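For the protein sequence lines, the chains are A and B, in the order given. The opening position of the first sequence corresponds to residue 229 in the numbering used here, with each subsequent residue numbered one higher. The opening position of the second sequence corresponds to residue 293 in the numbering used here, with each subsequent residue numbered one higher. Yeah, the Cβ is synthetic: ideal placement off N, Cα and C, and Gly gets one too. Given the structure is predicted, the values throughout are model-derived calculations rather than measurements. For reference, the structure discussed in these notes is given below.
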Amino acid sequence: MTKPLILIDQVFKWYGETLVIKGVSFNLEKGQKAVICGPSGSGKSTLIRLINQLELYQKGNIWVEGILVHPDVVSSQQLCQKVGMVFQQFNLFPHLSVLENLMLAPCWIKKYPRPQAKELAFFYLKKVQLEAFAYKYPNQLSGGQKQRVAIARSLCMSPEIMLFDEPTSALDPEMVKEVLDCLLELAQEGMSMICVTHEMGLAKEMADIVAFMDEGVILEMSKPQDFFYSPKHARLQTFLEQVL
Amino acid sequence: MELINKNRQKRKKLFSLFVSFLLISFLGLLGFFILKSLWLGTWTGEAQTCRTSGGFCFSFLREKWRYILFGSYPDSLLWRPILFIFSVILGIFFSFFRFFWKKALIFYYWIFLVLFSPLFLWGIGGEKVEISLWGGLPLTLFLSFVGIGLSYPLGIFLALMRRDGPFLLKYSSIFLIELVRGVPLISLLFMASVMAPFFFPTGMEINKTLRALGAIVIFSAAYMAEVIRGGLNAVTQGQREAAHSLGFGYWKMNFLIVLPQALKIVIPPTVNTAISLFKDTSLVIIIALLDLMSTAKLAVSDPLWLGMSFESYVFVALIYFAFSFSFSQLSKKVERSLS
């Protein structure tokens, strides 16, 4: 059996006194796409932030490609080579142009020479169809364009897996599609992904696994057709009735 | 409803009329006195003619400008402070043009003005002029430019450490900032002048001017740190998270992503601090350093030219104003073109 790309084993996370992740286990093979959904406050964002060391867990283990994610074991520098992350609020660097946003990490972290970094940046900008916007600044772009730039920026570090934290939740409805298309294209190319989203359409279309989280536990995890058409858990049934 | 609006507009108009009237009469009065004193001004002649004329005494300035501007710097080497002042003005002038906003300008400020120019005034490779002989405008510019130039990076460091430094550094920077902000600059200058020598090992002597500079740097670094900390807090957490997830470590994240945004946000209060520091350097008068303010005061006390304090103080006030005003204009320009 091959080593799973992401292995989460009985992870617990407290915010002060509050237990937010209550013993979650989860794994993802290379090339698989997982979608995590659930009501807000259920801990799904926290879960993927743990993978990226944006939050630290107190109990259990998380491995990325067999490397334990723990501040003493792995530096964020090593981790970022494997894990890319896209945020709900885009978080583009407003003082840099789109191109510089993309080039910054390859230049400073991977130590690419500038021409090579520029070539790489343009390659990914073309992929998200924004090469015409290379010299614009983030505040000149629409929300959908910003999110596509953010995706390209993460891809520039050539990660093994991409984490999406509600990538379409901050967008106007008409811009959601361009970002979803971008995600689907990425999925088709075989990128491993974990996506926290409320877009059930996305889950149906690209997911290998769909997980439902509530109050810090994964209540149900199954293939999309089982998940949507024969949900077992009562909480998931009411959730699906409300969102579909 | 319409009536109320009309009434309000009327009142507004009346008020603005009243304010303009006050302003115009004030400016008119000021202009009148300026013109009168210029008209009656004495350009040549002795102190006695000045006293009787009742106008502005230019002959006092003709006699004393050199002392007021340069203090006791040797006459034969006066080209040095002149060149120094000129290069400061040139630096400010260049900064007004976007064309020059490059690394070279930062280099010019920090390497040339802050590090090299003191050595130049001191006379590296030529005839030495002791720091105790420096005076007037060059001393004021030296204290404020070098003061700002050194306290800015120190302030950045203190702000970063106060925000998220390791325990010891964090609490020592909080302690330093709060201590320095809690005492007036004068007391720090006294400390530097009177008490600091007791703490030096025997045989080690640091010039009084440099000690005063140290006090000024620490004082303004504390204020800069608080200003910059405000900027750091204004940069959203999302920026740091994005930087982290791209693999930036703490220092790279701050220097490439957080600080460029934070420092831009706090340009107005930074310039505010810089201007007040520029003027506060005049406090070194109380530890008997001959900066621009002190030389102006000393020039007045010449028994031959008693009673010329108005001329002397107006002269230095204009110089202080010219520099402070160009700083604030510069900050306005920088702020506008960065947004």
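At least 8 Å separates the CB of residue 394/B from every CB of chain A. Only exposed fits residue 301/A, as fewer than 16 other CB atoms lie within 10 angstroms of its CB. Membership of residue 508/B in any beta strand (DSSP E) is not indicated; the residue belongs instead to the alpha helix (DSSP H) covering 500 to 526.
At a C-beta separation below 9 Å, residue 544/B has these neighbours in chain A: 336 and 337. If only complete runs of 3 or more residues are kept, the region 381 to 421 of chain A shows the beta strand (DSSP E) at 389 to 393, in order along the chain. In this model, residue 370/A and residue 403/A are separated by some 8 Å (Cα to Cα). Using a Cβ distance threshold of 8 Å, residue 487/B and residue 507/B do not count as a contacting pair. In the DSSP assignment, residue 445/A falls within the unbroken beta strand (DSSP E) covering 445 to 450. By the Cβ criterion, the region 454 to 468 of chain B is not in contact with the region 592 to 609 of chain B, since fewer than three pairs of Cβ atoms, one from each stretch, lie closer than 8 Å. With at least 16 other beta carbons inside 10 angstroms of its own, residue 430/B counts as buried. In the three-state reduction of the DSSP assignment, residue 255/A falls in the strand class. Within the same chain, 270 come within 7 Å of residue 443/A by CB-CB distance, once the 5 residues on both sides are set aside. Going by beta carbons, residue 383/B and residue 361/B fall outside the 8 Å limit.
In this structure, residue 348/B places its C-beta atom within 8 Å of the C-beta atom of residue 330/B. If you draw a 10 Å sphere on the C-beta of residue 417/B, you find fewer than 16 other C-beta atoms in it, and that means exposed. The shortest CA-to-CA distance from residue 410/A to any of 383/A, 436/A, 277/A and 388/A is the one to 383/A. Between the alpha carbons of residue 424/B and residue 503/B lies a gap of roughly 12 Å.
The region 340 to 359 of chain A makes no contact with the region 547 to 562 of chain B, as fewer than three CB pairs between them are under 8 Å. Per DSSP, the beta bridge partners of residue 312/A are 390/A. Residue 395/A has its alpha-carbon roughly 6 Å from the corresponding atom of residue 315/A. Taken in chain order, the whole beta strand (DSSP E) runs of length 3 or more contained in the region 348 to 436 of chain B number zero. Among the residues of chain B, those whose CB is under 9 Å from the CB of residue 323/A are 549, 552, 553, 556 and 630, following chain order.
Taking CB atoms only, residue 385/A has a neighbour in chain B less than 8 Å away.
Judged by beta-carbon spacing, residue 427/B lies within the 8 Å limit of residue 583/B, meaning their Cβ atoms are closer than that value. Pairing residue 466/A with residue 378/A, the inter-Cα distance amounts to about 34 Å. Rounded to the nearest whole angstrom, the CA to CA distance from residue 454/B to residue 473/B is 15 Å.
Membership of residue 243/A in the beta strand (DSSP E) is indicated by the continuous run 234 to 243.
Residue 299/B sits in a helix when the DSSP states are folded into three classes.
DSSP places residue 424/A within a strand segment (E or B) once states are collapsed to three. Around the CB of residue 409/B, 16 or more other CB atoms lie within 10 Å, so the residue is classed as buried. Just so you know, the alpha carbons of residue 399/A and residue 326/A end up roughly 19 Å apart. Just measuring C-alpha positions, the residue of 273/A, 390/A, 266/A and 381/A sitting nearest residue 233/A is 390/A.
Only residues of its own chain outside the window of five on either side were considered, and among them 382, 383, 385, 387, 389, 390 and 391 have a CB closer than 8 Å to the CB of residue 312/A, listed in chain order. What residue 533/B touches in chain A, judged by beta-carbon distance under 9 Å, is 277, 280, 282, 313, 315 and 319, going in chain order. Residue 289/A: member of the beta strand (DSSP E) spanning 287 to 292, first to last residue. Assigned with DSSP and collapsed to three states, residue 494/B falls in coil, not helix or strand.
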